[in-house]
Structures are given as structure tokens and as C-alpha cells.
Amino acid sequence: MGPVAPVGNFKQAVNFSGLPAKQGLYDPEYEKDACGVGFSCHIKGKVSHKIVSDARSLLCNLSHRGAVGADTRDGDGAGVMTSMPHKFVVKEFNSLTKCVIPPMGQYAFGNVFFSPDEAILAESKQVFTQLAESLDLRVLGWRVVPRDSTILGPAALSREPIIQQPVVVLKRAYGEGESPETTDADSFDTKFFERQLYVLRKQATHKLGLEKWFYICSLSNMNVVYKGQLAPVQVYNYYLDLCNSDYEAHFALVHSRFSTNTFPSWDRAQPMRLAAHNGEINTLRGNKNWMRAREGLLNSKLFGDELDSLYPIIEEGGSDSAAFDNCLELLVINGVLSLPEAVMLMVPEAWLDNDHMEDDKKAFYEWASCMMEPWDGPALFTFADGRYCGANLDRNGLRPCRFYVTTDDIMICASEVGAILIEPEKVLSKGRLQPGKMLLVDTKEGRIVDDKELKHKTASRCDFQGWVDQQILSLPRIHEKLKANNVKLAPTLDDATIADDRRLLAFGYTLEQLNLLVAPMASDGKEALGSMGNDGPLACMAPQPRLMYDYFRQLFAQVTNPPIDPIRESIVMSLQCYVGPQGNLLEMNAKQCARLKLPSPVLSMEELEAIKQMTTINPSWRVKTLDLTFAKSEGTAGYKKHLDEVCAQTEAAIAEGYKVVVLSDRATAADRVPVSALIASGSVHHHLVKNKLRSRVALLVETGEAREVHHLCVLLGYGADGVCPYLTFKAIAKLARENALKDCTNADKAVRNWIKAADGGILKVMSKMGISTLQSYKGAQIFEALGVDQSVIDVAFVGTASRIKGITFDWIAQDAFAFHEKGWASRETVQIAGLPESGEYHWRDGGDPHINSPASIANLQDAVRSKNDASYAKYSASAYEQIKNCTLRGMLDFDYDSGRAIPLEQVEPWTEIVRRFCTGAMSYGSISMESHSALAIAMNRLGGKSNTGEGGEDPERSMKLANGDTMRSAIKQIASGRFGVTSYYLSDADELQIKMAQGAKPGEGGELPGHKVSQSIARTRHSTPGVGLISPPPHHDIYSIEDLKQLIYDLKCSNPRARVSVKLVSEVGVGIVASGVAKAKADHILISGHDGGTGAS
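Per this note's numbering, residue 39 is the first one in the sequence shown, and the count goes up by one each step.
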């Protein structure tokens, strides 16, 4: 993480949003938070101060779900939202102004943050007032909020804003005088008033913004938000209003934040204007991009021409919760959807494979899927707008939510039981909110609205079933119709064999890729199983040219949100996607369903041909194929030029009314060089997003490059709607023709197997990031780049982290020509027939370097067996050189010249240094008892620490051997499978390590095959011999950083002597996650690299 100045100098160290500016390895975009939420609500809408005071108990009892900094007065953020306290507002403003406050609902009131600088404060208030007047609104007066700043910690105090409260009225109703001209509720245009308030909030935010410390917590005629960078126990002591007995409300919604870092960010505290959020939205970047793209289609009767002044809808610099709230606010103010209906649209329940769901509700959710991708991630949303107060759990249900209803018509909802003390005889009913379900109180009707009733009523608003049946085009049905019309769809296979296929060479295929990746998927219908770990070079360091996909690393969930177990949670996972022109988000009509439904993003050659030919049966669906190849004679300069041309051609195609654009490199030939399909699709996607055109077209990719699941995922992650890896399919057909596939000679079946395996692989990759639906994963860009220059990122992968920079368009073009030369050499060369062996996976002489080469292993074995110092020196030198060839760390070296020598007696003796040695965490089930025991004995002799791995440890190993040695491992690991974790195991440790992720396979679980589960291993793991053991991807009791904090506490109680360690895996932003783990009271944090190994799979 980049350096941050001490608290006293925070103004220099942070930007105006309160978070530090991007510097070094730190980027504020990777800030994470989790939280506790809850509300207390009178079902009949009866106001009282008791509701507000009960919320204080609720908030304080959620303190353990929040966090504090090193100074306990610096909270991470907390707040409360209440209904409008009319009695309080009237009383307070009557003492400040001669103006009469109009009736409830005819004025707006809220908290606004301003800069403490008097000149900026005066300017901001003036701009705000002028904007209000231009919108037919009038500011009656301002009130300075009474606060107790003495309770704040130094960080919070350094960014404490001035907080003032305006009262805003509708000028046409109030007039220019000191009392309203009319207060008739029937003639008052509430909808227009709410619209103008929303426009005022948006325009004032855009014009002033966080750079002037300006932030509107809330400005509404229905509710008010008090929040700040506070600990939960500070909220009511800081905001004295909340303790005033005249402050009466019928609901109070609270939020306690656990941020991974405690920077003084007052605006990121919650609740937001309509909602509070516990969890993390994993798909945020995709949601933001798609929302920006939709702005080009938005049209509203309510806003009219003023809509343009509201963009961007999602304000820059906000958290994921703020982005969600921005979108929700637009949908609700627009008026087509009520608050609960808008939440249903944005956070749908799992409906696709749910056979128990009613057809009308399924049809509504299918309409919603045509409109917007889910805001996916483990999330509990609480929301309120004055009438409704409720909570909604996402489809996975991985956030806790409990509720009580009392005999005096109070509903209490919170992240856990016991947040408010209730006498048992007062409890009328209680329960737990189920996945995808909504808890809703309608205070206007004075009742709890059942989830089933709400969704049936919503699904009955329109004939969604008719819309879906008549408007949605289904690819399987199009395929059937075209075949029935005798349209030729089947591809033809050329006579070239695998060994002499020039296209395979030109696209960089190797024998290893076909044998180890493609063939097993085509034969078995699933990805090959094998031990993981990588000792080869990074793509940016490889001596041979690599495809662009190899420069990207998939991000994964750890700590702040969990990966999903795709086997256990299969009902919530979906690859179905709707592509093509989207409808206007601010309306509700049948045309919004006029989209193309793809059951899978992986398209066979027949399916892609069906899409290309669909105009014959659906004339309005015109398809344009754009060539991704350029003339070889143009040289490397032609590469970037052609990318720009493809972007321009796509924009022109949209203008001409084409609904599908296919980017194809099929024209690759001796005189035509292809640009990377990944760079092309990413460039086109971002070009269209930037110009607000992306939601007008389906973007399909027909490429010879994609052959692995990772390739498909990167294409989809950067905006492709569907991919047809035609060259892989042709290679499979040729393998079948040449009898090179195990137990499969039918080419069609082999291709179907490969697609099935690819679909399963995409689901697994999505689940690593905790994402359930392809709609949410698509365009979400959940990758980091290693070795890609910013000039490339800014064109094709906007917003992706690329820490070490690297390859430019010139180098990419040279690699493209190098690949092309392999297929069609510019001059006659003598080559061995067949595909090359690159040495990418297995060491091959002349291939890619590996850290562990056969010669270095032989030297190590000789050194150990015969105690040969010369062999060890050779091994050491070889390993040092190979690490320099393969890893980034190998490129670092000590700067001896500028160093200062110190006396040898000041250097720690080796006997002390070795005490810090630790072994890797590998269970003896994976590496054998002999290896595991030898490592443990060696570490104990040195005074270091060995690690059990996740397989437990036999208590007998703690006993001393005859020669005084012991096989006890000092570090006991607790992993997701909890194998062998007993009270004795925990108590017999010097360090307890919680494994959140593993370098070789972050975000994935593990599998110990049945043949490795011997009697002794089964006894230690408390399982059955011969039965395979699976570790799930997540700990099923850790779904947030608060849960991890609880486990750390429990482990410290089980063994107060032991340090508690948490194992993370390196990725962009891991430093921010690690700082959150430190705040969860971990004693030690281990960050694994990407190239770890595993003895299991």
C-alpha cells in the first residue's frame, strides 16, 4: 500500500472524498466494507420517540459488526434514517425563522455536508439556493445541526464537515411570503415536488461535489438521514437531535459499517438516501458500465428534456452501496415502479430453474432480466421511503437477517437475534428472511405485506407472460425453424489433418493444449483434474509470444465476500443471457422483451450460423459480420489502425439499424493477419459504452484464439455477449476423425461435450468471485492485468488494474505477426510437421523455462542423498537463475553499492533467523506421511514451525520420539473442510491459521481423491476410508469480514496462548483486505503468491 501521512497531515494525504488518492499499490477503488443493518418500524405508521430510541439500542448492539481504527473513537461509519420528524422540524424552525412550515409532505428537510472553509461554505449554499430557485423550489432557511465534536477521534475530526439542514418548499404552492399560499393536500403536486427535489440533489452534486466537501445525506419530504464517520455508540451522542423527545418517527433504519480501512470518509457512511446495504456487490464495475450504456436509451415522461442534466446517474467516487442507491433512487422517483418493485428488479430471486415458482412470477423476472442484469453479490438490503420499510436478501441468502413482530405492532429487523431486548410474551411472530425473499411493511395500509402477495401483485400488473412469449427470440427455436426451412447451417470440415493445419499454427495452438485441455473436455464433458501450481514464466516474461488472455488474472473472493460453492448452490447459478438492443429502463412495455435469449454464451458453429441467418425469419433482426483481419502488407502499423476501423464500423452498423454485430477472424489467411479477438471486443465494448451505444446491439465473437475456459471468461468479462471458438471445434472434429479422443469418435458429441465442460468451467470461475449469473459477470471486468501498458488498458480494458505496465500495441502487433509466421512463413523454411510442444505445462528442452528443471531436481537429490556440497551449489545457482527468468521477484536484487555496511556482531545469528522459518501448508494426505513428518522434525530441530495443512494431525505426533525429536506441527490450519479440527487439535498449537484462500487455486475448494484416503488419514480427518474428500470453496460459516472476526475471537478463546493467523492470496487490493483482517484482530497475516502448489487437486 502507498504511504499515508499521519492523521495530523490527513488533508495532504487524502483526496476530497476522504479516501487517500491513488498512490503506489493503493487504489481507493478497491476499498471494501461489510456491516450490520436493521430497523424498527411501527406497522400502523404511528410516530413516537420510542421508535428512535429503540433504534439506538439496535445500533449499539450491532457494534461488533462494525469496526474502529487504532483510536477507538474513530469508527468506520454509522448512521440512522428515520421518517420525517414533523413535530421536531416545526418546533426547531419556528425558533429560527418567521416562515411557517407547511404540512407534512409539502416540504423537504435533510442533512447536507459542507466544507468548514467559510468562503466555500458561503459559495456552496449560494449555488444550492440558486439551483433550487431555477427548479421552482424555495429554501425557507438553514439550521446548523447541534453536535458534540469532542467525542470524535483524530481521523474523523480531521475531515469533520459543517452540517446544515435546509427546509425546501415548492414555490408555486408556498409563494414568496412567510406562510404557504395553499396547503390543500389534494391540489399539491407531490410527484412534481419529489421530481424537482431529485433534480436538485443531482444537479447540486454534479456542480459542487465531494471536491468541495459537498454531500447531501438526504433531502426528502418523507425521510431524513443522520450519519457520519462514527462508531455506533457515538451516533446519538454526536447528533443531539436524535435524543430530543420531540423527534418522533414511525420507523428508524440503522447501519454500522466495517470498512477494511478506516479513512475519514463521512460520505461513505450509511444509510444512503433510500437504502442501507450489508454485503458486497461483486459485479459493480459491470453494473456501472451497463448503467452508463443505458443512459443513451433512457426516456422519461416525468423528466423530459431535463434527463440529460442528471447524468451520470451513478455518481463518481461512491461505494458499491452508493451506486446501488443512485440507481434505485432513479427508478423510484421516475414513478413507474414502487420502491419494493424497484428492489425486485435490481435484486431478483433465483427463478430460472425453480420448478416451484408460479409462472406469472417467473414471467415478471424474465422481463426484469431483459431490462437489467442483477446487482449480484452476497447482500442484504434494507430500504425505506416513508411509506414502505423493508428488507430484501439476494438469491444466495448468505447474509443473516432476523425479524420479530410484537403485540404492540412493532417490527424489528436486524442482522442477528437479540439486537433489541424484547419480553418473550410480547413476541407475536419471528423468523429468518429466506434467500431472494422480501420483508415489507406498508405503513400506509398498516400491515405486513407477505412476500408471495407482493410478488403476485407485481407480476399481475401487466401481461408479462404474453410479452415474454411473443417478444423474446430463443436461439434454440430459431435454430429449429431454420433447419425446418432447409437452411444450411452445418459447417464443412477441410481435409487438413491436425499435424498440417496452418490455422492451428497461426493461432498458436500447441500439442500440450490439445492433449491436456481440449481433448479431455471433448472426451469426458468436464475439465481435466490434476494437481495445481505453476512454476512457468508469467506471460510478460515468456520468451515465446503469448495470447493476450495470458496477461490477465481472474480476481477472486476472499474475506469481505465469499466464493460460491457451485455444486451446493447450483439452483442459483445461471448462464442464460438476453442479448441485443435493450428497452428503456424508465418504462414498462412489451417491446422491452424484444431480445435474443442465449441458453449459453458458448455458441456452436451451427448456432452462430443460425444467428447470422436469422434475418430470413426475423427481418427486423439484421446481423453484421465485421472482419478482424487486416492486410499483411500494412505491417505492424495496420494493427492499431484496424482496431479503430472496427470500432467505427460497429458504430456505423448500429446507426444503420443492425441489432447483432459479429466480430470474426475467420478470414485469417496467408495475406491476412488477425487482431486479437480479446482486444477487438474489449475496444468495441468500451467505445460503445463511452458513446452510450452499447445497449443497442449484441456483440458476438467468432474467433480461432479461444480454446480454454479462461479465454472464454476474459472475453465475456470484457463485454462479449457470446463466443464461438470455431477453430477449437474444428480441431475437436479432426481429433475425432483421427481417433485421437478417448471413448469418443462422434465429432458432434465431442463438440457438445466440450461446450458442456466449458459451461461448467465458466460457472466455476464465476463462483470464485461469488457471482451467480452470467448476466452479472458479463462486462464486470473482474480481472487484473500483468504486464500490459496503460495505453492498451485505456483503449480495450478501461478501469483494469495493471500495476507493472508492459506490452504496448507495437509489441502486441509484433506478436500477432510472429504467430502468423508460424502458420504462413514469409520465406521457405524446413520445419518438423505437427504442432509444437511449447513446454508451457511440462518441461521441454528448448521450450518455456520452469523454476524446477530436471537437472536442478537431480542436483538436489544428489545433494541430499550423498551430502554433496557441489551438487547443492549447482542446484542453488540453477534455481536462482530460473526464478529470474520466471517471476517478477526474481528481477529484484540487492543494491549493495549504495548500502551501508554494519559490523557482523550486529547481525542476527543464523540460529535466531531459522526460528522464523515455516513450511508450506500441505496435509500429509496430499504429500505422504513420510514427507510431512520429515518436514515437522526438521522444523522442530531448527526451532522453526511446520504447518499441518488442512488435513488435521494425529495426537500421537505430539509425543517425543526415542531420540528426543517430535513430529508435532506448531501451526495448525483451519480450512473450509474443517478436517481433523477438534478441541485437542486447537489447544495443541503455537499458531492457529485460518486458510481463506490458497495460491494455487484461490476461490476454489480442494479435492483429496478417494484412493489417497487411507485408514490413518480417515481416522485423523474423522471420515471414511476410500471416500474422496472435498473442501468447499467458502468456509460455510464465514460469509463476511464480521464472521471472520467472530472465528478469530473463538479461536483465541480455544487457545489463548496461540497466535491467530489468516492466510490470504495475493491479488490487486489484497493490502486493503489485509488491513481489514488486522482490524478483525488477527495477530498475523500471510499473503500467498499466485504460483503455489498443491499435492491434492
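For glycine and all other residues, C-beta sits at the position ideal for the given N, C-alpha and C. Model, not experiment: these values are computed from the prediction.
Could you check which residue in Leu716, His680, Gly1002 has the C-alpha nearest to that of serine 671?
The count along the sequence shown starts at 1 and reaches residue 671 at position 633. If we check each option's Cα against that of serine 671, His680 comes out closest.
Are the Cβ atoms of alanine 314 and threonine 481 separated by less than 8 angstroms?
Taking the sequence shown and counting its residues from 1, the one referred to as residue 314 is at position 276. Taking the sequence shown and counting its residues from 1, the one referred to as residue 481 is at position 443. Going by C-beta atoms, alanine 314 is not nearer than 8 angstroms to threonine 481.
What residue ranges within the segment 392-455 form continuous alpha helix (DSSP H) runs of no fewer than 4 residues, ordered along the chain?
Taking 4 residues as the minimum length, the alpha helix (DSSP H) runs contained wholly in the segment 392-455 are 397-409, in order along the chain.
Just to confirm my understanding: we take serine 909, look at its own chain, exclude 5 residues before and 5 after, and list those with CB closer than 8 angstroms. What are they?
Counting from 1 along the sequence shown, the entry for residue 909 is found at position 871. Asn897, Leu898, Asp900, Ala901.
Can you name, in chain order, every residue of its own chain whose Cβ lies under 8 angstroms from the Cβ of serine 376, other than the five neighbours on each side?
Taking the sequence shown and counting its residues from 1, the one referred to as residue 376 is at position 338. Answer for serine 376: Val370, Tyr426, listed in chain order.
Hey, which unbroken runs of the beta strand (DSSP E) at 3 residues or more fall wholly within the segment 467-505?
476-480, 485-487
Classify glutamine 1031: buried if its beta carbon has 16 or more other beta carbons within 10 angstroms, exposed otherwise.
As a first step, residue 1031 must be located in the sequence shown, where it is residue number 993. By the 10 Å Cβ count, glutamine 1031 comes out buried.
For serine 121, report the span of its alpha helix (DSSP H) as first-last.
Walking along the sequence shown from the start, residue 121 turns up at place 83. From DSSP, serine 121 is part of no alpha helix (DSSP H) but of the beta strand (DSSP E) over 116-121.
Excluding five sequence neighbours on each side, which residues of the same chain lie with their C-beta closer than 8 angstroms to the C-beta of serine 153?
Counting from 1 along the sequence shown, the entry for residue 153 is found at position 115. Around serine 153: Leu159, Ser162, Pro199, Ile200, Lys250, Trp251, Phe252.
Could you tell me the boundaries of the alpha helix (DSSP H) in which arginine 94 lies?
On the sequence shown, position 56 is the one that residue 94 refers to. Per DSSP, arginine 94 belongs to the alpha helix (DSSP H) from 87-98.
How is leucine 873 classed by DSSP in three states: helix, strand or coil?
The residue you call residue 873 lines up with position 835 of the sequence shown. Looking at leucine 873 - three-state DSSP - the assignment turns out to be coil, as it is neither helix nor strand.
Per the DSSP calculation, phenylalanine 594 is bridged to which residue(s)?
To locate residue 594, count along the sequence shown from 1; it is residue 556. Looking at the DSSP assignment, phenylalanine 594 forms no beta bridge with any residue, so it has no partner.
For threonine 300, does the three-state DSSP call read helix, strand or coil?
Along the sequence shown, one-based indexing puts residue 300 at 262. Confidence in threonine 300 is poor, its pLDDT being 49 and thus under 50, which makes the residue's placement too unreliable to answer from.
Considering only residues of the segment 227-290, which uninterrupted alpha helix (DSSP H) runs meet the minimum length of 4 residues and lie entirely inside it, listed in chain order?
228-245, 273-276
Strictly by DSSP, which residues pair up with leucine 738?
In the sequence shown, the residue the question calls residue 738 occupies position 700. Val700, Gly760, per the DSSP bridge assignment.
Roughly how far, in whole angstroms, is the beta-carbon of valine 118 from the beta-carbon of leucine 100, given that I think they are within contact range, below 8 angstroms?
Taking the first residue of the sequence shown as 1, we reach residue 118 at position 80. Taking the first residue of the sequence shown as 1, we reach residue 100 at position 62. Not confirmed; about 11 angstroms, so no contact.
What residues in its chain sit with their C-beta under 7 angstroms from that of glutamine 687, if we drop five residues either side in the sequence?
Stepping through the sequence shown from its first residue, residue 687 is reached at position 649. Leu664, listed in sequence order.
Here's the rule: buried if 16 or more other CB atoms are within 10 angstroms of the residue's CB, otherwise exposed. What is cysteine 281?
Walking along the sequence shown from the start, residue 281 turns up at place 243. Flag for cysteine 281 reads exposed.
Touching or not, the segment 554-568 and the segment 828-844, by the rule of three or more beta carbon pairs under 8 angstroms?
Taking 8 angstroms as the limit for Cβ pairs, the verdict is that the segment 828-844 does not touch the segment 554-568.
By Cβ distance below 6 angstroms, which residues in the same chain neighbour aspartate 1121 in space, the five residues on each side in sequence not counted?
Numbered from its first residue, the sequence shown carries residue 1121 at position 1083. Correct list, in chain order: Arg1097, Val1098.
Measuring only the C-alpha atoms, how far is asparagine 523 from arginine 515?
Here residue 523 corresponds to residue number 485 of the sequence shown, with the count starting at 1. Here residue 515 corresponds to residue number 477 of the sequence shown, with the count starting at 1. Spanning the two alpha carbons is a distance of roughly 12 angstroms.
Any idea what DSSP makes of phenylalanine 545, helix, strand or coil?
As a position in the sequence shown, residue 545 is number 507, starting the count at 1. Looking at phenylalanine 545 - three-state DSSP - the assignment turns out to be coil, as it is neither helix nor strand.
Given a cut-off of 8 angstroms, decide if serine 719 and alanine 758 are closer than it, judged by their beta-carbon atoms.
The residue labelled residue 758 in the question sits at position 720 within the sequence shown. The residue labelled residue 719 in the question sits at position 681 within the sequence shown. For alanine 758 and serine 719, yes; Cβs fall inside 8 angstroms.
Where threonine 957 and leucine 738 are concerned, what is the direct C-alpha to C-alpha distance, given to the nearest angstrom?
Counting from one through the sequence shown, the residue named residue 957 turns up at place 919. Counting from one through the sequence shown, the residue named residue 738 turns up at place 700. When rounded, the distance between both Cα atoms is 48 angstroms.
Keeping to the same chain, check which residues put their C-beta closer than 6 angstroms to that of proline 529; ignore five residues upstream and five downstream.
Locating residue 529 in the sequence shown gives position 491, counting from the first residue. Correct list, in chain order: Met643.
Taking 8 angstroms as the cut-off, does the segment 709-717 touch the segment 885-894 (at least 3 CB pairs, one atom from each stretch)?
no
Going along the chain, which residues of its own chain have a beta-carbon closer than 6 angstroms to the beta-carbon of arginine 94, five neighbours each way excluded?
In the sequence shown, residue 94 corresponds to position 56, counting from 1. Cβ neighbours of arginine 94 beyond the five flanking positions: Tyr274.
DSSP three-state call for proline 350: helix, strand or coil?
Taking the first residue of the sequence shown as 1, we reach residue 350 at position 312. Here proline 350 sits in coil by DSSP.
Look at the alpha carbon of glutamate 878 and the alpha carbon of tyrosine 589, and state the distance between them as a whole number of angstroms.
Here residue 878 is taken as the residue at index 840 of the sequence shown, counted from 1. Here residue 589 is taken as the residue at index 551 of the sequence shown, counted from 1. So the alpha carbons of these two residues sit roughly 14 angstroms apart.
How many angstroms separate the CA atom of alanine 242 from the CA atom of aspartate 114?
Working through the sequence shown from its first residue, we reach residue 242 at position 204. Working through the sequence shown from its first residue, we reach residue 114 at position 76. In a straight line, the C-alpha of alanine 242 is about 26 angstroms away from that of aspartate 114.
Tell me tyrosine 616's beta-bridge partners as DSSP assigns them.
On the sequence shown, position 578 is the one that residue 616 refers to. In the DSSP output, where bridge partners are listed per residue, tyrosine 616 has Lys635.
Indicate whether serine 984 and serine 1007 have their beta-carbon atoms separated by less than 8 angstroms.
Here residue 984 refers to the residue found at position 946 when the sequence shown is read from its first residue. Here residue 1007 refers to the residue found at position 969 when the sequence shown is read from its first residue. Against a cut-off of 8 angstroms, the Cβ pair of serine 1007 and serine 984 comes out as a contact.
Short of 8 angstroms in beta carbon distance, which residues of its chain neighbour phenylalanine 126, apart from the five on each side in sequence? Order them along the chain.
Within the sequence shown, residue 126 is the residue found at index 88, counting from 1. Counting only Cβ-Cβ distances below 8 angstroms, and skipping sequence neighbours, we find Asp279, Asn282, Asp284, Tyr285, Glu286.
Taking the alpha carbon of threonine 674 as the reference point, which residue from Ile820, Ala856, Lys772, Leu731 has its own alpha carbon closest?
As a position in the sequence shown, residue 674 is number 636, starting the count at 1. Residue Ala856 is the option with its Cα nearest to threonine 674.
Would you tell me roughly how many angstroms separate the C-alpha atoms of glycine 415 and valine 597, rounded to the nearest one?
Locating residue 415 in the sequence shown gives position 377, where the first residue counts as 1. Locating residue 597 in the sequence shown gives position 559, where the first residue counts as 1. Rounded to the nearest angstrom, the two C-alpha atoms are 13 angstroms apart.
Where does aspartate 603 sit, in a helix, a strand or coil, going by DSSP?
Translated into the one-based positions of the sequence shown, residue 603 becomes position 565. Coil at aspartate 603, not helix or strand.
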